[in-house]
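Our numbering numbers the first residue of the sequence shown as 473 and each following residue consecutively.
Positions of the beta carbon are idealized from the N, C-alpha and C atoms, including for glycine.
As the structure is a computational prediction, the values presented were derived from the model and not from experiment.
Right, one structure below, let's go through it.
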Amino acid sequence: MVGNKHIEEIFTKSQHSIADHPKLVKNLRKVYDQIEDVDSFNQHFIKCFKCLLIHGERETAVNFCLDFAAKFATSFELEKDPEDEDGECHPFYEKLFDFLLSHHNVKSQAVRFRVCQFINRMLEELNESACISAELFEKIYDAMLERIQDRIASVRVQAVIALQRLQDPTNKECPVIKALVFHLERDPHPEVRRAVLKALGCNYFTLEFVLVRLRDVKDLVRRQAYIFISERVHVRTLSIANRVTILNLGLNDKSAAVTTMVQDKLIPAWINAMEGSIFNFLRGLDVEGCSDTAVQVLQVWLKTLNYKEITSQLPIGEENLVSIEALKPEVALYWCTAVSFLRNEGVHAADALETIMPEMTAFGKYLKIFVLARLTETDDMEVLSMEFIVANLLEMAQHFDLADEAGRLNLRRDLCDLLQHEKTSPALTRTMVKCISLIEPNLDVRIAKLLEVISELREPLTQAEVLIPEDQQRRNKLEIAQCRVQVNELKEELQEAIDKQNFLGAQEIQQKMVVLETKLSELCSRPTTHDVEVFREERDDPLTLLKCLSTVCELLKNSPMLKLTKELDQLLMSLILPCVERIDPAVRNAAFEALGCLCTCDLELAQQRLLLFVQAVQMDHQILQITTAKVLFDLVQLFGLSTFEDQESGTSLATVLTDLLDSEDADVQTIAVEGFAKLLIASRIESSMILSRLVIFLFHPLTDENVRLRQVLHVFFPFFASMDIANQQQLEAAFVPTIKTIQKAPCTSPLAEIDISMIVKFFVDLTQESLLAAKPEVDHTIHDQLAMKLCTESMRSPDTNESKVYLKALLQLNMSFSNPSNTKDLHTLIRKMLRNFREKGSIRMIEQFESIVEKHLTANADSAKSATENDSDMEVEPVIAPPSPPINKPRTRKLGSKHAATLLMDTSSDVDVSQSSDVFFSPEKTSTQKEKPREKSPEVVIEQMDEVVIEQMDLSSTTNSEKTVPSRTRRQAPRSVSVVAEERTTPPPSLPRRRTRSTRSVVVSSVDEDSVPVDDGDRTPPSPPRRRIRSTRSVVVSSVDEDGGEQTTPSPPLRRTRTTRPAVISSSDEDEDVIPPTPPPNKNTKKSARSTRKR
473 MVGNKHIEEI FTKSQHSIAD HPKLVKNLRK VYDQIEDVDS FNQHFIKCFK
523 CLLIHGERET AVNFCLDFAA KFATSFELEK DPEDEDGECH PFYEKLFDFL
573 LSHHNVKSQA VRFRVCQFIN RMLEELNESA CISAELFEKI YDAMLERIQD
623 RIASVRVQAV IALQRLQDPT NKECPVIKAL VFHLERDPHP EVRRAVLKAL
673 GCNYFTLEFV LVRLRDVKDL VRRQAYIFIS ERVHVRTLSI ANRVTILNLG
723 LNDKSAAVTT MVQDKLIPAW INAMEGSIFN FLRGLDVEGC SDTAVQVLQV
773 WLKTLNYKEI TSQLPIGEEN LVSIEALKPE VALYWCTAVS FLRNEGVHAA
823 DALETIMPEM TAFGKYLKIF VLARLTETDD MEVLSMEFIV ANLLEMAQHF
873 DLADEAGRLN LRRDLCDLLQ HEKTSPALTR TMVKCISLIE PNLDVRIAKL
923 LEVISELREP LTQAEVLIPE DQQRRNKLEI AQCRVQVNEL KEELQEAIDK
973 QNFLGAQEIQ QKMVVLETKL SELCSRPTTH DVEVFREERD DPLTLLKCLS
1023 TVCELLKNSP MLKLTKELDQ LLMSLILPCV ERIDPAVRNA AFEALGCLCT
1073 CDLELAQQRL LLFVQAVQMD HQILQITTAK VLFDLVQLFG LSTFEDQESG
1123 TSLATVLTDL LDSEDADVQT IAVEGFAKLL IASRIESSMI LSRLVIFLFH
1173 PLTDENVRLR QVLHVFFPFF ASMDIANQQQ LEAAFVPTIK TIQKAPCTSP
1223 LAEIDISMIV KFFVDLTQES LLAAKPEVDH TIHDQLAMKL CTESMRSPDT
1273 NESKVYLKAL LQLNMSFSNP SNTKDLHTLI RKMLRNFREK GSIRMIEQFE
1323 SIVEKHLTAN ADSAKSATEN DSDMEVEPVI APPSPPINKP RTRKLGSKHA
1373 ATLLMDTSSD VDVSQSSDVF FSPEKTSTQK EKPREKSPEV VIEQMDEVVI
1423 EQMDLSSTTN SEKTVPSRTR RQAPRSVSVV AEERTTPPPS LPRRRTRSTR
1473 SVVVSSVDED SVPVDDGDRT PPSPPRRRIR STRSVVVSSV DEDGGEQTTP
1523 SPPLRRTRTT RPAVISSSDE DEDVIPPTPP PNKNTKKSAR STRKR
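Here's what the structure looks like:
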């Protein structure tokens, strides 16, 4: 007993501080060594240990005690020799494990959680080289594989951690790894997925599943996936595509925790793995194919360096230029990014910027030498690298000092010379024209210089050899002979003058000889048979035309012109229109692009060439369809759709653009979706049909791989809905057509795969009033209008899947109930729905919605009656009910223990990821204006039943009974006639609701032709039931005899009646979207007649 008290004392002390655990472990070992009855020690230890297992709360004291117990249990194993692999486990260690493994599947959630947690801690306390018996290994193995399937997330988390040391990453068929991968991919709780990422071993098999978790819905799971990659995956083992994907997702993640982890841990770890060289790391990313991601990485890396370290990375030579031999794609990208980074740093980085920023004159010469040297390359990859380098170098032009006039002129001249080079590619031409637009702010000068370049490209100077005629050749020879004869004669005369010492004459002769010799040399230098002629020849090869058209396109894109000039009009007639008619698709595509840019400058030109664009977008090549579709959407956004609809050709541009949504080409379809999104945001069009189709595109299964299309729509819809309430009204009008489109799709259609609850939730979220940027000044919200519409649509097809969708949507609405009239109409509509529906699930949802509406009804009957006494011309001030609190969605619920709330699994499985379709219907036009409530007469208040059955029996059983016979058995009820009493002002008190079973009570209300059925705001017209009747109110059957006497007979409490159709539906209003209240009765009608309907 003394030892037992020591055990209790030691356990009590262990819960205070973890620093005392080593000392307490030694004390407990002494007790264990000194005690004689080991079994008694084990039993008392386990008895104390059981007190810890029943506490499921995360308390520090319990955790300290568990740590102490784990340290004490593993102290027996730590004394073993690590080389003794065949040694068995200590008896106390095995008995404690036997106790734990025998209680791992108990009913208590707390015990299961603590058992798995303690097994995890015992395995963690063992060193890396520890061994346990194979039998114990198998027991732990089987138990944890069973617990990893527990329904409580916290238990699964501890089981996952316990399996960490039981897996074998070298074995492809390891069951532990397969179980961990399964839960990593499919477990619904994020903490379990996160725990798997912490425990999972790394190999090529598991890496694929870890990369998928980079797109997990929870940011903590994504962050843990990046930690896994940065700590366990070497960058060289990843492919270039995987590297780019990891960085792109991490740097653009919405969660700050994920991006911070990537910037602070992943990128430095990868750069260090690449020998600490940023250029080696950029070379491993293939900067030519993913320049945007590489720039983001550089911006993150430059923030960690000081200014001196940034400049020291570049191999800068004379005139602040990198040597041409060292100019590689990654060096050029780093140079451009460093200049931009230092420029954004401001005056603090001015000194560092001067060391890497060259002057424009030297930069132009440097660029020209580099391009001319690389243009001689025949390898296509080298040419592409050169274009990438030049594009990055020209990006630095925006950071030059444009006040240097001489430098700007020199750089512009060098660029124009490169543009005129015959080997310059169209892509390089666009880059250079864009740079010229930056360094030349004068629009007229820019246009003039580029038009000169185009002229030189189309009509360059050309030299050709021309055959000289024989007569000309003979004359040339004769002149040469004559000159030679004259020279010989002058030589003789010169000799004679010298002999006679006539030096003045000799000097004159000498001058004549010089003239003749010059003439003779000119004649001899002339070609004898051919002559070279210089002239301008027009070129029409595809490369030259592409360069010219590329120059025109970039000139128009970077020049804000308001009208079409004469030079551009001449260029249109001489270059662009002839190229439109060519066969080469690339030339035609560039010509259509240039023509579209010109059309944006002039509306008349756009109207003239509209038919040309329409024909190209309908029947031309795929590349041309994409280009012309962009042009058409730009023209509509710039000038409006109505500008192009009144053409004499009769072509409907709206139809043409809508047909693009049905294109088989995914790129054309994406351009159409993006174009309509821009038009809707710019309020150029208003169409619920287009919105319906865009929603279906967002959820369509076939658009799963179209990342661009889904990205556009995910950005468009929230922004569009937040702009104005009119946009939300368009979304409201698109709701029902979208649901009907999906419901009516056949089973073989991709629409059948769409989870329609996702569509409903999407529309409900987009039409929330809180989403609007500015709150509108209206007395009702979109959800108020949508509720009436959904109720009406559900009544058209009761007890169908479509009606259930509408009923589920009703429970998700966040209504304001600010308009009492609309609320009353909605309540009337709900009462009619209760008579139409039979299915229990639908009735349950209607009753739930009815309870919400009834909370906001104005129940003050006296004020309502006084309001009805006023004339119809008098304004009635509505009593505004207080706003209702937000309605919780009934589909969400939590499973698991309340003691581990942070790790409980959300079991709501109603929502699945769904897609959408390209089939749609035109939305119905519904009025959003509220109807004026009809006034009611205070003189006559007619008590109506919840359901009145008007049913004609066969002739043999025709009776005129005036009472309703209640019964609990299903038998034939006698027909009774109820004549409504006159001028009853006090309704009978409602009896308590209880579930009863009654017969088919037939109550026939018979009035004369002048009387009109009355709706007192709380009761609805009856309907003929075909099934068991249930009512929530007591029914008073009253009759009036012929002498005017009144008889009142109370009926037993009934529940609501499930009927097939409403008995009375107002036929005065043809619009079924909003069912108006029943009109008031005639005040002068005081008589009632008893009538029996006979065959």
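CA-to-CA, the gap between residue 747 and residue 851 works out to about 30 Å. One thing to note: residue 1059 has its Cβ within 8 Å of the Cβ of residue 1014.
Among the bridge pairs identified by DSSP, residue 1108 is matched with none. For residue 794, DSSP records a beta bridge to 788. For residue 1176, there is no enclosing alpha helix (DSSP H), as DSSP gives it neither H nor E. Under the DSSP assignment, residue 493 falls in the alpha helix (DSSP H) whose first and last residues are 493-506.
With contact defined as three or more Cβ pairs closer than 8 Å, the segment 1220-1236 and the segment 1281-1294 are in contact. Beyond the five residues adjoining it in sequence on each side, residue 1099 comes within less than 7 Å, by CB distance, of 1061, 1064 and 1065 in the same chain, given in chain order. The criterion of a C-beta distance shorter than 8 Å is not satisfied by residue 870 and residue 929. Sorting 1295, 897 and 1153 by C-alpha distance to the C-alpha of residue 1194 places 1153 at the top. Nearest in C-alpha terms to residue 752, of all of 724, 733 and 712, is 712. In the structure shown, residue 865 adopts helical secondary structure according to DSSP, grouped into three states. Its Cα nearest to that of residue 648, the residue 633 stands out among 661, 633 and 662. Within the same chain, and ignoring the five residues on either side of residue 1186 in sequence, the residues whose Cβ sits closer than 8 Å to its Cβ are 1170. Leaving aside the five residues that flank residue 872 on each side, the residues in its chain whose CB is nearer than 6 Å to its CB run, in chain order, 832. Around residue 1095, the same chain offers 1057 and 1061 as residues with beta carbons nearer than 7 Å, after the five sequence neighbours per side are excluded.
With contacts defined as CB atoms closer than 8 Å, residue 1117 and residue 1125 qualify as a contacting pair. By the criterion of a C-beta distance shorter than 7 Å, residue 895 is surrounded in its chain by 847, once the five residues flanking it on both sides are discounted.
For residue 772, the enclosing alpha helix (DSSP H) starts and ends at 763-774. For residue 950, the number of other beta carbons within 10 angstroms of its own is below 16, and it is reported as exposed. Its Cα nearest to that of residue 1130, the residue 1104 stands out among 679, 1115 and 1104.
For residue 683, the uninterrupted alpha helix (DSSP H) run begins and ends at 676-684, by DSSP.
The beta carbon of residue 1148 sits closer than 7 Å to those of 1162 and 1166, all from its chain and outside the five residues before and after it, given in chain order. Using a Cβ-Cβ distance cut-off of 8 Å, the segment 1253-1262 and the segment 1291-1302 are in contact, since at least three pairs of beta carbons, one from each stretch, lie closer than that value.
Close CB contacts of residue 907 within its chain, under the 7 Å cut and outside five residues either way in sequence, are with 866, 869 and 887 (chain order). Rounded to whole angstroms, the gap between the alpha carbons of residue 642 and residue 613 is 17 Å. Straight across, the Cα-Cα distance linking residue 921 with residue 979 is about 55 Å. For residue 1242, no alpha helix (DSSP H) segment is defined, and its DSSP state is neither H nor E.
Rounded to whole angstroms, residue 997 and residue 959 show a C-alpha spacing of 17 Å. With respect to the C-alpha of residue 1313, the residue from 637, 1276, 910 and 1141 having the closest C-alpha is 1276.
Between residue 1158 and residue 1109, the beta carbon gap of about 14 Å keeps them out of contact (Cβ cut-off 8 Å).
Annotation for residue 996: the continuous alpha helix (DSSP H) segment containing it runs 975-997. Within its own chain, the residues whose Cβ lies closer than 8 Å to the Cβ of residue 730, once the five positions on either side in sequence are excluded, are 691, 694, 695, 698 and 722, listed in chain order. A contact is defined here as three or more CB-CB pairs under 8 Å, and the segment 1210-1221 fails this definition with respect to the segment 1173-1186.
For residue 1327 and residue 1286, the gap between their C-alpha atoms comes out near 14 Å.
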